[in-house]
Structure formats: C-alpha cells, structure tokens
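A.B. asks: Residue numbers (this note's numbering): 36 to 252.
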Ligand code: DX5
Ligand code: ZN
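What follows is the structure in structure tokens.
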C-alpha cells in the first residue's frame, strides 16, 4: 500500500486549515510538515505554533520533517505540539545526539524517522535502523519545494529497501522532493512506500485527481 503525504510547504498559508481538510477528503494518508530554520537549510518555513494550531483542527497523521540544526533541542516541543512522527536529519547533529532525539520521541509515544540528504550515503542510516519507524530519502536538496527529482537517488532507495526487507520489516521508506506522476512510479519501483509531494498536490486544483495520479490510478 502506497501512502501519500502532501507537503504543506506548497499549501496556501492564509488558509491552512481548509487546505488540510481538502487533502483529507482527497484521500491523503499523511500531512508532511516541513520545518526549516535558515541554518540547516537556506530557507525558513514555520514551526511549533503553526503545528499546534493545525493539531487543533485536524486529526490527520502529522509527519514532521525537521530541517533544523541540532534537532535534539526541539523534538520534545514538536511532540508536545501534536506531531505523530518526528523526523530528524542524520547530518544535523552527532550520531549520539540524534539517537537521543529518537529515544526522546519514542518515550513521548510518537513515531521516529531519520532523513538522508542526497549526498549522504545509504550506510549513514545504519546506526539508526533499529530505532526508527521510517527512513526518508531526499530526492532534492532540502530547502525548497518545486525542484526536480534526482534520479541518482534511486539506487540508495533500492539499497535501503533491501536492508529493510531483510532486517527491519515494518520500517517505512519515504521519498521527498520532485515527486510527480512521472517520477512516483520510479520511486515505488525502487522500494519507496511513502511519497511526499508538495507541488504535485497543492499546486493542482483537483487534489483528488492529483493524489490518484501519484498512486498510479
Ligand atoms: C524540501 C521539502 C519537501 C518539499 C517537496 O526541502 O522537504 O517536502 O516540500 O516539494 P515538491 O514535492 O514540490 O518537490
Ligand atoms: Zn519534507
């Protein structure tokens, strides 16, 4: 079963609550919430107060992607604000601190994930695999929506899929960046089972058709 996680980075921020309702009725599985701090990535998006407000109006699964430096400092705040899953970048801190961040998230009863930037090899996920519910492979450089899919990441997706199938069944494999009806089948074929899509959902008028197209329907 392929899950679709529209990224609110491409939504209309003046009417976020309505945008979430719209993708829920269109069949979205998760809501992908991209947090950027202007340090880990060269852009600033939104954070804890916005997540808290959305939690109040939505019962959807909130997949929080932290593109922030040293996320250990903030994971508790994001869990308390209503995240269902908190995702930290392996490049954002030491392995030791990132493992502590994952432990904190689990102790608060939420799901865990780690993300790999395009230039980070698949092996960088190894120390985290026993402690995560999901691995995210970035298929663009993090920071902005609307970029083109990096085909050279497909091999990394394949390698992580075989590691997961062999040793960590149940772990999800998510892809993020440049996912369209054209690139989605390649990511799925390589082994991804959760697809993040910003422009390809929120950039379309008919979100129901957009989500169905990503599922290949
Ligand atoms: C990029 C973000 C993505 C972004 C995807 O740093 O992590 O989630 O919103 O946007 P699209 O789908 O437009 O590439
Ligand atoms: Zn993201």
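The C-beta atom is built at its ideal place from N, Cα and C for all residues, glycine as well.
#1: Which residue comes first and which comes last in the beta strand (DSSP E) that contains residue 39?
#2: Pick helix, strand or coil for residue 170, following the three-state DSSP scheme.
#3: Between which two residues does the beta strand (DSSP E) carrying residue 146 extend?
#4: Residue range of the beta strand (DSSP E) that residue 232 falls in?
#5: Is there at least one non-hydrogen atom of the ligand ZN closer than 7 Å to the beta-carbon of residue 42?
#6: Using 8 Å as the threshold, is the C-beta distance between residue 36 and residue 75 below it?
#7: Between residue 81 and residue 70, is the Cβ-Cβ spacing less than 8 Å?
#8: Based on DSSP bridge pairs, tell me the residues matched to residue 123.
#9: Would you call residue 197 buried or exposed, if buried means 16 or more other Cβ atoms sit within 10 Å of its Cβ?
#10: Would you mind sorting residue 50 into buried or exposed? The rule is 16 or more other CB atoms within 10 Å of its CB.
#11: Taking residue 114 as the reference, which of 83, 88, 134, 127 has the closest Cα?
#12: CB of residue 67 to nearest heavy atom of the ligand ZN: below 7 Å?
#13: Can you tell which of 152, 146, 160, 166 has its C-alpha closest to the C-alpha of residue 178?
#14: Hey, is the region 143-162 in contact with the region 108-128, meaning 3+ C-beta pairs nearer than 8 Å?
#15: Pick out the complete beta strand (DSSP E) segments inside the region 201-229, 3 residues or longer, and give them in chain order.
C.D. replies: In short, the structure shows the following:
#1: Position 4 of the chain shown, counted from the start, is the residue given in the question as residue 39. Residues 38-41.
#2: Taking the first residue of the chain shown as position 1, residue 170 is located at position 135. In the structure shown, residue 170 sits in a strand (DSSP, three-state: E or B).
#3: Mapped onto the chain shown, residue 146 falls at position 111. Taken as a continuous stretch (DSSP letters only), the beta strand (DSSP E) holding residue 146 covers 146-151.
#4: Against the chain shown, residue 232 aligns to sequence position 197. Run containing residue 232: 229-232, per the beta strand (DSSP E) assignment.
#5: In the chain shown, the residue the question calls residue 42 occupies position 7. A distance criterion of 7 Å places the beta-carbon of residue 42 in contact range of the ligand ZN, judged by its closest non-hydrogen atom.
#6: By 1-based counting over the chain shown, the position of residue 36 is 1. By 1-based counting over the chain shown, the position of residue 75 is 40. Result no, Cβ atoms of residue 36 and residue 75 do not sit closer than 8 Å.
#7: Here residue 81 refers to the residue found at position 46 of the chain shown. Here residue 70 refers to the residue found at position 35 of the chain shown. Closer than 8 Å, so yes.
#8: Numbered from its first residue, the chain shown carries residue 123 at position 88. In the DSSP output, where bridge partners are listed per residue, residue 123 has 101, 149.
#9: What you label residue 197 is simply residue 162 of the chain shown in a count that begins at 1. Exposed, since its Cβ has fewer than 16 Cβ neighbours within 10 Å.
#10: What you label residue 50 is simply residue 15 of the chain shown in a count that begins at 1. Exposed: under 16 other Cβ atoms inside 10 Å.
#11: Against the chain shown, residue 114 aligns to sequence position 79. Nearest of 83, 88, 134, 127 to residue 114, Cα basis: 83.
#12: One-based indexing of the chain shown puts residue 67 at position 32. For residue 67, the shortest separation between its Cβ and any heavy atom of the ligand ZN lies below 7 Å.
#13: Counting from 1 along the chain shown, the entry for residue 178 is found at position 143. The residue with the shortest Cα to Cα distance from residue 178 is 152.
#14: Three or more beta-carbon pairs drawn from the region 143-162 and the region 108-128 are found closer than 8 Å, and the two stretches are therefore classed as touching.
#15: 207-211, all fully within the region 201-229.
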